[in-house]
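*Asks:* Each position in the sequence shown, counted from 1, maps to that position plus 5 in the working numbering. Glycine residues also receive a C-beta, built at the ideal position from the N, C-alpha and C atoms. Since this is a predicted model, take the numbers as computed values, not measurements.
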Amino acid sequence: MRRMMWVDPPKTRIAQSAWVLRDKIVRGELKPGERLVEQQVAPLLSISRASVREVLRLLEAERLIDWEPNCGYTVSALDDKEVRGIHEVWALLTGQSVYDFTRRATPADIEPLLALPDQIRAKAKDKLKLIELINRLFNDISDKCDNGPLRDVVWGLVARINVLRARCLNETVARQWADEFDELLVACKEGQAVRARALVRQHIDGACELALAHSSQMRANEPLTTMVRPARAEKVVKKTRRSA
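1) If the criterion is Cβ atoms closer than 8 Å, does the pair arginine 62 and alanine 198 meet it?
2) Who are arginine 40's beta bridge partners in DSSP?
3) Return the CA-CA distance between aspartate 85 and glycine 196, expressed in angstroms with no decimal places.
4) Suppose contacts are defined by Cβ-Cβ distances below 8 Å. Is lysine 179 in contact with alanine 129 by that definition?
5) Look up tryptophan 72 in the DSSP assignment and give the residues it is bridged to.
6) Just mark glutamate 176 as buried or exposed, buried being the case when its beta carbon has 16 or more other beta carbons within 10 Å.
7) If you reduce the DSSP assignment to three classes, tell me which class alanine 171 lands in.
8) For alanine 171 versus arginine 68, is the C-beta spacing smaller than 8 Å?
9) Run the CB neighbour count on arginine 8, radius 10 Å, all protein chains shown included, and call it buried at 16 or more, exposed below.
10) Kindly indicate the opening and closing residues of the alpha helix (DSSP H) around glutamate 67.
11) Taking only the alpha-carbon atoms, compute the straight-line gap between arginine 58 and valine 46 and give it to the nearest angstrom.
12) Going by CA-CA distance only, name the one from Tyr78, Phe106 and Gly33 that's closest to phenylalanine 143.
13) Given a cut-off of 8 Å on the beta-carbon distance, is the pair leucine 215 and cysteine 173 in contact?
14) Whole angstroms is fine: what's the gap from leucine 138's alpha carbon to aspartate 28's?
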């Protein structure tokens, strides 16, 4: 059974290092667009530069970082179109997982999940623990569907979804999501597959709006010095030439 990140601890040194760097991206310690230089990352993770390259390739495969010529690796910066696209695919896949789970699940499958919303409320101040608990909920649902290809596609989105969730998670949001998960699990327990799918879609649509609002706020807080004004720059060049 394949387990998702933030659910089971990594066992190899490379996986542990990727875990550390991934957490720094999720926590926001490494900002979108920030460069990841091998010479700086190696001592941070206490591994060789060769191992750093392996770690960076892992995170690149998860689309958490990008590689650009003449620049190297940078933390991925998602635009609004990408945020919407990720959530749309996530909603479709998770909706199908929840639908299948509700139709197949036994009371023994559902019972362990019923405690997760209360655990989320109890950990409302711990962002990484919240992400772990949410991952456990949807991972367990996905596992019970017995649909390997669907689970593999979901796996490819999890890292970016976790980053987007982490950026907008706070105590209020955590408690709201716990209430939504309570409602979802009741629908699953009662065998209401169509309602369960609609509820998970509603949850993910709300998460998307939160992520977009956070992105908008981040752009609004950017310093004015980052703005480029080509027309102004052209006038300065012409004035300099006349003075010469």
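*Replies:* Checking against the coordinates, here is how it stands:
1) no
2) Thr79
3) 35 Å
4) First, the amino acid is wrong: residue 179 is alanine here, not lysine. Cβ atoms of alanine 179 and alanine 129: closer than 8 Å.
5) Tyr78
6) exposed
7) helix
8) no
9) Summary for arginine 8: the model assigns pLDDT 45, below 50, so the residue's position carries little reliability; its value from the coordinates is reported in the next sentence. Arginine 8 is exposed by the Cβ-count criterion.
10) Neither: glutamate 67 is in no alpha helix (DSSP H) and is coded neither H nor E.
11) 10 Å
12) Phe106
13) yes
14) 15 Å
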